[in-house]
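Each residue of the first sequence is one higher than the one before, counting from 9 in the numbering used here.
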Amino acid sequence: MPDYHPQQLDRKWQQRWTAARAFEVAADPSRPKYYCLEMFAYPSGHAHVGHVRNYIIGDVMARMKRMRGYNVLHPFGWDAFGLPAENAAIKSGIHPEASTRGNIAHMKGQLQRLGISYAWERELATCDPEYYKWNQWLFIRMFERGLAYRRRSSVNWCPSCQTVLANEQVVDGGCWRCGTPVETRELEQWFFRITAYADELLDSTTALTAWPEKVLTMQRNWIGRSEGARVKFAVEGDPATSIEVFTTRIDTIFGSTFVLLGPEHPLVAKFAERSVDPEGFRKQAQAFRLQDRAARISGDIEKQGFDTGVRAINPFTGEPVPIWVANFVLGEYGTGAVMAVPAHDQRDFEFARKFGLPIRVVITPDGKPASAAAMTEAADAYGILVDSGQYSGLPSEAAQKQMAADAATRGIGEGTIQFRLKDWGISRQRYWGTPIPMIYCDTDGIVPVPDDQLPVVLPAVKEFTGRGSSPLAQVPEFVNVKCPTCGRPARRETDTMDTFVDSSWYFYRFADPRNGKQPFDPAAVKYWLPVDFYSGGVEHAILHLIYSRFFARVFRDLGYVEHSEPFTQLLTQGMVLKDGAVMSKSKGNVVDPDAMLQKYGADALRLYVMFVAPPEKEVEWTDAGLEGSFRFLARVWRLVDHWDETIAGGGIQDPGSCTSLNTAEKALRRKTHDTIRRVTTDIEQHQHLNTAVSAMMELVNELYAFSEHTVTGVPSRRLDEDVEHAGQVERSETICVVREAVEALIRMLAPFAPHTAEELWESLGHDDGLAAATWPVFDPEVARADEIVVPVQINGKVRSRLTVPADASETDLERRALEDSVVAGYIEGKTIKKVVVAKGRLVSIVVG
RNA sequence: GCCGGGGUGGCGAAACUGGCAGACGCACAGGACUUAAAAUCCUGGGUCCCGAAAGGGACGUGCGGGUUCGAUCCCCGCCCCCGGCACCA
9 MPDYHPQQLD
19 RKWQQRWTAA
29 RAFEVAADPS
39 RPKYYCLEMF
49 AYPSGHAHVG
59 HVRNYIIGDV
69 MARMKRMRGY
79 NVLHPFGWDA
89 FGLPAENAAI
99 KSGIHPEAST
109 RGNIAHMKGQ
119 LQRLGISYAW
129 ERELATCDPE
139 YYKWNQWLFI
149 RMFERGLAYR
159 RRSSVNWCPS
169 CQTVLANEQV
179 VDGGCWRCGT
189 PVETRELEQW
199 FFRITAYADE
209 LLDSTTALTA
219 WPEKVLTMQR
229 NWIGRSEGAR
239 VKFAVEGDPA
249 TSIEVFTTRI
259 DTIFGSTFVL
269 LGPEHPLVAK
279 FAERSVDPEG
289 FRKQAQAFRL
299 QDRAARISGD
309 IEKQGFDTGV
319 RAINPFTGEP
329 VPIWVANFVL
339 GEYGTGAVMA
349 VPAHDQRDFE
359 FARKFGLPIR
369 VVITPDGKPA
379 SAAAMTEAAD
389 AYGILVDSGQ
399 YSGLPSEAAQ
409 KQMAADAATR
419 GIGEGTIQFR
429 LKDWGISRQR
439 YWGTPIPMIY
449 CDTDGIVPVP
459 DDQLPVVLPA
469 VKEFTGRGSS
479 PLAQVPEFVN
489 VKCPTCGRPA
499 RRETDTMDTF
509 VDSSWYFYRF
519 ADPRNGKQPF
529 DPAAVKYWLP
539 VDFYSGGVEH
549 AILHLIYSRF
559 FARVFRDLGY
569 VEHSEPFTQL
579 LTQGMVLKDG
589 AVMSKSKGNV
599 VDPDAMLQKY
609 GADALRLYVM
619 FVAPPEKEVE
629 WTDAGLEGSF
639 RFLARVWRLV
649 DHWDETIAGG
659 GIQDPGSCTS
669 LNTAEKALRR
679 KTHDTIRRVT
689 TDIEQHQHLN
699 TAVSAMMELV
709 NELYAFSEHT
719 VTGVPSRRLD
729 EDVEHAGQVE
739 RSETICVVRE
749 AVEALIRMLA
759 PFAPHTAEEL
769 WESLGHDDGL
779 AAATWPVFDP
789 EVARADEIVV
799 PVQINGKVRS
809 RLTVPADASE
819 TDLERRALED
829 SVVAGYIEGK
839 TIKKVVVAKG
849 RLVSIVVG
């Protein structure tokens, strides 16, 4: 065999795989399926080692499962719409379509050179009309069911460019192009009613047993359920008006000495009219609203507020309490109004102290009334109610239930559940996205584009200025249409969809990517879905995954899928750092996989990235480590080179039928099967791909040591020397066990280093290729040792070791340990207090 | 503040159900081969102490306690790091 030249192997085998369509699959109900998916890629231009790590993880899983006999779907595609391509168009004039297609072509080449086993015939790009047509189709289905709706919402606005800015285009509060401070504007926008599924999305996180706890926690935080009550406060002197507040602590209501409105609250405008200085009132409220947006970016702001001059009636005490407007009360959360309980809420406390509002303690640990005079911060809020009328003396929890029930009886409130999760705003005033398929008619209102007119294709736009209204609004042929209902002139919606819409269901499309009649054939999805193994960056832990879970339920309720959770197992892979930082072009610390491929070949890179750390962990990139993996592969290469003729020429029967093995041969077989067991469970059950590689390295070390002992006349340490071996191996049993070990090794190596493994497999005389090769089978009989070494602890220290038959009983072990001369020396003259035999593998003796 | 995940050699890490801590690799050191180097192969190493050596002893998984014959692992109390959420009422 020639020396190890991985670059040639990469080319040779990649061509063969493509020619053989080795990774293309079709649904086959007679075989178990495995859907292995990595989060598809945004075609930014170049894949760096960080991206590539994810694809290699998935590829190891896919290749291993294939060898285990599964029908494996392992597709790839492109999350091709998005702002960066449009920004590039504004800056350089290259049309987003052109730059995107170019980037896709380049990145696809990179992935192919890595030997990732994708079913490329299923490739899709979200900017294909054949794909985004189904975004539009689904949007209309959601509109029909009230899951897509329109309302006013605020956007970032650059007054200089006269255009809407995405959050990413706001840099330090200014426009990314001209630096002009960004303003807030209210526009009519489209929303998806994800909140309709808030409860279900939260509750079913418990069913996601194969997801990282971290991700589930993030999702739960994001949905943010809190149980509480809504309570109405009447407005003094205005019987028609009331203020509804949301509170999680209705039991503290006797301590509510004022009410706070967020600046966005509808009553603010009304109270302004009533005030002595309506103009000043409105200005202050407006100032708070603008402040609120800025606070998102800058962090905390000082608590501010002003008195509306109007009072509300606390429905439990009957007392009038002042109504203030406060900058820290959020319009979007709850009812946009809160009952302030300064004695038991830190924010309210600070506010009350600042503006001299009364503080009343209504809960104490011992149930004895207390004064607020000496308090420097809000008091612990769980205990016994005091100064709370008929509820005094009740513990907090009991009071909560009682008071919510009483409020309901009196018709002034009810127990309720509040979510932090908001509806998903999907309108983007951008070009490079899916057009929203809606038409505005003066007669018929909002009319969906009829299904038979889908897709609404993105019109060609030549110039991207980044100024003025959305690019689509500047194309009259696009905007002006006839109303599908009445035929009169009407206007198209010119917003496009958030790109998260594209990525929320692409995993279904892979099951049936060329379907022109429906988003996918439910039968195909029924076979392939849910995704068995999904891997990607933790940065998608919240939005992408929650939107996908939402879409799965929408498709379910439309009757297209039967499951609710689209991803059975989730792996969030850690980032690859260089010089302690995430790789990025701007930092100039990008490790280009192509350079590594040229130097070491795909397999060394793949192996190194898998070996360096567990997949979930962040890793620091080092070139030295990569060289180590290359050395390992070359070591395997030399090992096989040393044995290949012996094995191929040996005419050896099935390893299972090799009998009368000597000690060394038995040990090697044991190691082989122990390694099979470890590698299999490490990959399949734990995705500990790093320890799987370690185990294979151990087997190789063992094989080197074995070769040294066994092969007569060969300078043991120089396996690379060209020596005729076949005649020198006297025992056919030796060839038998070596063959078993080497073949198992090559097969297990195949998911990690497929090119090298294919070549080595072929060199052993196999012409089936690893695509046909199966995963080695673990034989527990072989792995079981005849004898085991049992440590004997005396008072916690290992003092002796016994070699005993593997099937020795615990009683035998105890007897043998006490008979052992070394042990006897330690226990002589002392009394034995206790003897413990653990797992048949250890004896512990306590003496004193 | 709340929630989640961590803390093990010079470095990346391993340790399955509470049972020989540090597998495997990187870097390093020594040796073999070589005129030499590279490559390759072999060997070594947690720390400290005793010993010429073989060997022996003590300590050791962030800190302090506890449970246990036995704790990196379980419990209690801290410290630190990473990630998420956060004037969410």
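For glycine and all other residues, C-beta sits at the position ideal for the given N, C-alpha and C.
Taking all protein chains shown into account, residue 390 has fewer than 16 neighbouring C-beta atoms within 10 Å of its C-beta and is therefore exposed.
With 16 or more neighbouring CB atoms inside 10 Å of its own CB, residue 679 falls in the buried class.
DSSP, reduced to helix, strand and coil, places residue 14 within a helical segment of the structure shown.
Counting only the Cα atoms, residue 431 lies some 25 Å from residue 293.
No Cβ-Cβ contact shorter than 8 Å links residue 327 with residue 297. Between residue 393 and residue 379, the CB-CB gap reaches or exceeds 8 Å.
Collapsing the DSSP output to three states places residue 582 in coil. The C-beta of residue 107 has 16 or more other C-beta atoms within 10 Å across all chains shown, which makes the residue buried.
The region 18 to 33 and the region 516 to 527 do not touch, with fewer than 3 CB-CB distances between them shorter than 8 Å. DSSP places residue 98 inside the alpha helix (DSSP H), whose first and last residues are 91 to 100.
For residue 254, the enclosing beta strand (DSSP E) covers residues 246 to 255. With contacts defined as CB atoms closer than 8 Å, residue 324 and residue 261 qualify as a contacting pair. The Cβ atoms of residue 608 and residue 634 sit closer than 8 Å to each other. The C-alpha of residue 796 is placed about 38 Å away from the C-alpha of residue 632. Counting only unbroken stretches of 4 or more residues, the alpha helix (DSSP H) elements lying wholly within the region 391 to 447 are 404 to 417, in sequence order. Annotated three-state conformation of residue 312 is coil, per DSSP.
In the DSSP annotation of this structure, the continuous segment of the beta strand (DSSP E) that includes residue 171 starts and ends at 171 to 173. Taking 8 Å as the cut-off, the beta carbon of residue 507 is found closer than this to the beta carbon of residue 87. Assigned with DSSP and collapsed to three states, residue 207 falls in helix. CA-to-CA, the gap between residue 623 and residue 697 works out to about 7 Å. The region 762 to 780 makes no contact with the region 57 to 65, as fewer than three CB pairs between them are under 8 Å.
With respect to the 8 Å criterion, residue 18 and residue 610 are classified as neighbours on the basis of their beta carbons.
Per DSSP, residue 363 has no beta-bridge partner at all. Secondary structure at residue 161: strand, using DSSP grouped into helix, strand and coil. By alpha-carbon distance to residue 511, the top candidate from 434, 473, 564 is 434. Cβ neighbours of residue 673 within its own chain (closer than 7 Å, five residues either side excluded): 741, 742, 745.
For residue 628, the secondary structure class from DSSP, reduced to helix, strand or coil, is strand. Secondary structure at residue 47: coil, using DSSP grouped into helix, strand and coil. Annotation for residue 243: 249, 250, 251, 318, 320 place their beta carbon closer than 7 Å to its own, counting only its chain and skipping 5 residues before and after. For residue 126, the secondary structure class from DSSP, reduced to helix, strand or coil, is coil.
In the DSSP assignment, residue 240 falls outside any alpha helix (DSSP H) and within the unbroken beta strand (DSSP E) covering 233 to 243. Excluding five sequence positions before and after residue 670, the CB atoms of its chain that fall closer than 8 Å to its own CB belong to 739, 741, given in chain order. For residue 343, the closest alpha carbon among the candidates 255, 758, 141, 682 is that of 255. In the three-state DSSP reduction, residue 786 falls in the coil class, being neither helix nor strand. Secondary structure note for residue 617: its alpha helix (DSSP H) is the uninterrupted segment 610 to 619. Residue 536: member of the alpha helix (DSSP H) spanning 530 to 536, first to last residue.
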